[in-house]
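J.:
Numbering (our numbering), first residue to last: 5 to 156.
1. Per DSSP, which one or two residues make a beta bridge with residue 67?
2. Hey, how far is the Cα of residue 120 from the Cα of residue 59?
3. So residue 72 and residue 113 are supposed to be a Cβ contact under 8 Å. How far apart are they, rounded?
4. Let me check understanding here. Comparing Cα to Cα, which of 145, 117, 93 lies closest to residue 139?
5. Residues bridged to residue 51 by DSSP?
6. Work out the CA separation of residue 97 and residue 43 for me, nearest whole Å.
7. Excluding the 5 residues flanking residue 110 on each side, which residues of the same chain have their C-beta closer than 6 Å to its C-beta?
8. Near residue 141, what residues of its chain come up, given a Cβ to Cβ distance below 7 Å and the 5 sequence neighbours on each side ignored?
9. With H, G and I counted as helix, E and B as strand and the rest as coil, what does DSSP make of residue 59?
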């Protein structure tokens, strides 16, 4: 009789352990799906001003209709200082500048109408290469600056 009760305990404990593992795996998979959905898709169109404004609006950023600054820049071959900080923001958004090192890209700066709390002046910075948005961030134009992510 003792053996029978003992086997029953192990069977019940095994069933509970399997159920807990199932719940845990479902929870983890939901978390990873949400995380992957917030990251940027591989291709973001930035060929036209309308594409860029639409991209910003889709991410909750309200801007002036025209950029206040447009220029061509060359992405440095190694990142330090400002570019290192900018690249960290890009990685958090699912983007990366590393494959564009040494390439010429176009930078568009838009004045933001709805800046985040406690920041007075903000610009939305978008880098475009071959008609695709390759990087983006909000830039604090007051104090010491800094970057905030746009996507997610």
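Just so it is clear, CB atoms sit at the ideal spot from N, CA and C, and this is done for glycine as well.
For clarity, every value in this text was computed on a predicted model and none was experimentally measured.
T.: This is what the structure gives:
1. 116
2. 18 Å
3. 6 Å
4. 93
5. According to the DSSP secondary-structure assignment, residue 51 is paired through a beta bridge with no residue.
6. Residue confidence for residue 43 is low, a pLDDT of 48 falling below 50, so the modelled location carries little weight and cannot support an answer.
7. 76, 132
8. 90, 93, 129, 151, 152, 153, 154
9. helix
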